[in-house]
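Residue numbers (my numbering), protein chains in the order written: chain A, 1 to 239; chain B, 240 to 478; chain C, 479 to 717; chain D, 718 to 956; chain E, 957 to 1195; chain F, 1196 to 1434. Heads up, the thing below is written out as structure tokens.
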């Protein structure tokens, strides 16, 4: 097997992060992973969900959506069907959990950061891109809060990124594009911090089951991919 | 009165049209009018609304939405409130009517073109920008249909653009930005063809009423603005 | 061209206003313009929308709906489709903006008047009739508030009415009925005060575009029509 | 106890039926029972619910709604809450069952009659008024179907009316108005045919329970009330 | 006519009440009437609906639902259709009214008891079973409130149960199962207290009308059935 | 650390499977894992989703819901909020994917099996229980289809079960109950077939990240747990 775009099995597509993409949000990043493009905007609000009121703790949450023509055929908007796309619900819960692992919520104090991830062009790996781009937008928004003295200590505790790995035609490969994703035997999204510790893992044997030893190999590939992303995130953030 | 950005009263902001902005749609344009940025994607579908079935006639419709942080404060997504924003409903009906005037629907045949206008950054004039950018996306989508022989005659009959004009601090001005729009005494959106004929007009005396003679002056300003937009549309379309 | 009901081009249909039509509301008017019949009920509530809390200013808003059989074929109720009819959304926003121009919202104080416009029989011009009838219901509700001492100064500052004008078979005509409206080349709704100043204008070239000079002629017709309506409104209000 | 309006315990309020109230529907009746006013419009459609397709049988259904200011305080429209008022759901199911008892559904053939009952002013007894007025609208719609030869035999088999009875301050009374209804110990709606046979009964011990012998007395009162209504229905229908 | 399960016309199916069926609720009962099985869970909450705030009075309300396969064919969940099943709305309003008659709401104080009735298997009579089972769950929840001293006086004032009666093939029968219910000429649900006083009655002439004398016979049958249920409720409650 | 119920770290709670729990469904199982109780009902329908029409392939899907009082405090029903609980959306997608791995969808032919998982009592591990119980209900439904000759070959290809594993107070433990789950550092659900191959894995570092080597240990625990469940599933199915 050779990959359509000539990449080796353990090679990421190009990674591009554009900070301050939109002027209004507290953090705004356009992330491009190959042809996948996601706008990640971070908004700070002075409220927390009811279950945190009076706790002193803050909250990070995410919303994920695709423009109708981010894909080859047009998808109806959620509001036309009066129900949020179930796949989007699943994905935005994942993004929220992943990015909460990045932050000491007590240092954030009783405020929320909402990460809006809007996919404008999709070519596989949109949930991983949303997490990796969302982290940079979150970092910027928290930076502004700290710089302006609203919060005392910069609350980032883990540098979070995500990547998809999978088994395609029997090969363990990194960073599946859409054509690979749709024929993969297994598709695993791995969220890690900068040390390769796992924050979240979601793996599906889409057309076949996989073994524990497959999983170990995929985790190692994911470490390699996440490490490449962290490098670009840090470069973009001038760290 | 001087305008914040130094423009003369009858001067447009910079106009930029990027064709083929997204790869999947049949037509895709990023339109930038000053700091207002709208992605306009055109999708062709082989169906028509029930009232046109069997008529031989096609349909053009539009959907308008803003990303949550297209504006200074975050707006909840429509799906979070289970109802489409009323302002968006009003605007997308306007866009649809305006762009239907561009096309001979019988030549289009029993198919639909959906124009998705997604505002990623708002600074006034988003509905006018959606119409002007949407026209170019529509033009491209219809061009592909004609080039591929799906339809016989290119069905564009009017070259449509739109602009906002208004009365700000007593002056009749062209192309209001957000700060002007929010203090305007009157705010009028004018949709025209390339000959200055009116396809649609929507005017509101937001803080004061205006006279028939005010309206005549505003229509003349609108002609000037639309003519500048048509020039840029044609340049982008290499006409 | 002659009009089906024998009217001259610049002639209104019969106008009838019945005050106190329903006993419960603070203002209640049945307006009949030819065969178009709309119940306009005004309700005073002691709350304002969130963006006005603490501002000292009040609010006027409107809701527009049609009974399922106000028209030739039955329309499903909004609740059956779980979404408000888009045309109704557009119309009620227009009615709200128009009637807010009638009132000094600071004199009203932090309270709201809701104008419910329910079309029980439709024959063209329902949005204009809703504004003209709604004004009288609003006038009565504000009168009660003033008479009872709840507000000090009667807050009406403009006497508001509305009419539709259009181009039918090449002629500029006043007050289109349904059969005229459905074949009109242009259909323009004009909201004015008693001096012929424009509060709102909405014009659509439904089957053809129109010129600035067409628009001027239509505005003059609208002045004539609105002046006839104001006369009937004043008569009904014993002014 | 004496009744506020001086009626004897077994006396109906005034009953007024206006046929052809709205021009568009196949049957249209304004029913006024005292100060309660309901517009009942009947629409014929050439479809039946899925469970009747191919059965040769027709269907009668009803929708019930109140204008926001039919009552002393304003009720939000259903669409504002995205859910139909539960009381309305209960009532329109009752109206539908009651009016189906009026018709031989096989003679109707595979078509539906929808009875829209819109309360424009409420003073107690709106569900009973909707049934009594709805019957006349249904009668007219079926008459037109028969006269025009669409159906062969006039399918009315029961002459249906309804009335409320109850126990107020210990007395068994007929046709409760709003003030009586809100203090009643028991409130029973009885739907009958012209012979006093029961089509439907709904009784609630609102503030106290009642005995089987109370129920018998109330049924007798209901017979008297329904008989008065049938007389007016027949007069309106010129039978 | 003989009944499919060999019962005499005035005989109930087997009645089984299992208290403390689920561990979490304040009251939890599985009621089985023949093959009909309903889980009735009572929840105490420290809030009341807006119209009771500050009144010192409490509230009892009910929610009724069926599992998708409680019936022979699968019913879509309410959330799939974004609207509550209309039959469920009607039934839960009945259950709520019935159980409120059981309680002195002033003794309850400003708190609510919600009775969730979830039908896991349906064979006719689910609404009656919900009321009879719901009463026992309510009794237990109120017992806990009294035992723990939250409320001073045990607020039960009527011992409430319910049963269906009807006319099947000309016979007046007690406790209809699904096959009888679907062919019944009349179907009457009667809610009573332990003395045979009526709290609520809902009767429908489904395929034929019935007389006042039929109704009297059915009420007597209902008394017999309710008395059998009360006996089992008391036994379950060790009274 | 010792577990509250005295279990060793690699020990499952008691597992109980009751087949034919409800009479109507094609497959019906009550699964009890400790105090967690889920009713799993399988329904066969002769339709497939649009994307499978004409493909010859069938579909397995799942719906997951909790009774309002399955938990310590009452949860509002989805329909009360007009939106499906986001956690339920995530879980039912997992159940559907897991159970599709059990079946050769081509052998099933163009029909669907819907697995309704209704949690009546929750004490941790409800999603795993739903999969394990749902498999048995699915097995029964497919058995009936095969026995009756509707499908030729019994289409089960993997024997699917699921279990949760996690890190609690530093220990790797099997089958977390609610109290363990709410304090776990990591919570991983593992779906396997009878040979220990992975169909799906979902792991969250809820309060801390975990390493690849932690993950390997958890997978081994999951194998042990799933093997115990498969044993009980086979016993229940008399295999």
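Each residue gets a CB set at the ideal place from its N, CA and C atoms; glycine is no exception. Please read all numbers here as calculations on a predicted model, not as lab measurements.
DSSP places residue 844 of chain D inside the alpha helix (DSSP H), whose first and last residues are 843 to 864. The DSSP assignment places complete alpha helix (DSSP H) segments of no fewer than 4 residues inside the segment 1108 to 1138 of chain E at 1134 to 1137, in order along the chain.
Exclusion of the five residues before and after residue 730 of chain D leaves 750, 751 and 892 as the residues of its chain whose Cβ lies within less than 6 Å of its Cβ. Residue pairing by DSSP puts residue 1210 of chain F in a beta bridge opposite F:1228. Of the residues F:1353, F:1378, F:1216 and F:1252, the one whose Cα lies closest to the Cα of residue 1308 of chain F is F:1252. At a cut-off of 8 Å between beta carbons, residue 32 of chain A makes no contact with chain B. Looking at the DSSP output, residue 1235 of chain F bridges to F:1224 and F:1312. Residues of the segment 327 to 357 of chain B with a C-beta less than 8 Å from any C-beta of chain A: 353, 355 and 357, listed in chain order. Bridge pairing for residue 680 of chain C: B:441 and C:667 [DSSP].
Counting of Cβ neighbours within 10 angstroms places residue 1149 of chain E among the buried residues, the total reaching 16 or more.
Distance from the CA of residue 496 of chain C to the CA of residue 508 of chain C, rounded to the nearest whole angstrom, comes to 5 Å.
If you check the CB distance, residue 549 of chain C and residue 600 of chain C come in under 8 Å.
In the same chain as residue 1321 of chain F, and ignoring 5 residues on each side of it, the C-beta atoms closer than 7 Å to its own belong to 1231, 1233 and 1314, in chain order.
The beta carbons of residue 1140 of chain E and residue 1159 of chain E sit about 11 Å from each other, so the pair does not count as a contact at 8 Å. Taking a Cβ-Cβ cut-off of 9 Å, the neighbours of residue 313 of chain B in chain A comprise 24, 25, 41, 43, 45, 114 and 116, given in sequence order. Straight-line measurement puts the Cα of residue 209 of chain A at about 12 Å from the Cα of residue 170 of chain A. Judged by DSSP in its simplified three-state form, residue 1179 of chain E adopts helix. In this structure, the straight-line span from the alpha carbon of residue 75 of chain A to that of residue 1094 of chain E is close to 48 Å. Between residue 127 of chain A and chain B, the shortest Cβ-Cβ separation is not below 8 Å. Residue pairing by DSSP places residue 62 of chain A opposite A:115 in a beta bridge.
Contact check for residue 933 of chain D against residue 1172 of chain E passes: the beta carbons are separated by less than 8 Å. Note on residue 1401 of chain F: 16 or more other CB atoms within 10 angstroms of its CB, so buried under the neighbour-count rule.
The Cβ atoms of residue 92 of chain A and residue 141 of chain A do not sit closer than 8 Å to each other. Of all C-beta pairs linking the segment 146 to 159 of chain A to the segment 81 to 90 of chain A, fewer than three are shorter than 8 Å, placing the two stretches out of contact.
In the structure shown, the three-state DSSP call for residue 567 of chain C is helix. A straight line joining the alpha-carbon of residue 1430 of chain F with that of residue 1355 of chain F spans about 14 Å. Considering only beta carbons, the part of the segment 437 to 453 of chain B lying closer than 7 Å to chain C consists of 437, 438, 439, 440, 441, 442, 443, 444, 448, 449, 450 and 451, in chain order. Counting of Cβ neighbours within 10 angstroms places residue 41 of chain A among the buried residues, the total reaching 16 or more. Non-local beta-carbon contacts of residue 794 of chain D in its own chain, meaning distances under 8 Å to residues more than five positions away in sequence, involve 785 in chain order.
Counting C-beta atoms within 10 angstroms of its own C-beta, residue 462 of chain B has 16 or more neighbours from the protein chains shown and is therefore classed as buried.
Contact between residue 1299 of chain F and residue 1352 of chain F holds, since their C-beta atoms are separated by about 5 Å, short of 8 Å.
Selection F:1200, F:1304 and F:1261 evaluated against residue 1244 of chain F yields F:1304 as nearest (Cα-Cα). Residue A:24 holds the alpha-carbon nearest to the alpha-carbon of residue 417 of chain B among A:5, A:7, A:9 and A:24.
For residue 69 of chain A, the C-beta contacts it makes with chain B under 7 Å involve 261, 263, 264, 280, 282 and 355, in order along the chain. Each of C:589, C:621 and C:530 was checked against the Cα of residue 716 of chain C, and the nearest Cα belongs to C:621. The continuous alpha helix (DSSP H) containing residue 1302 of chain F extends over residues 1300 to 1303.
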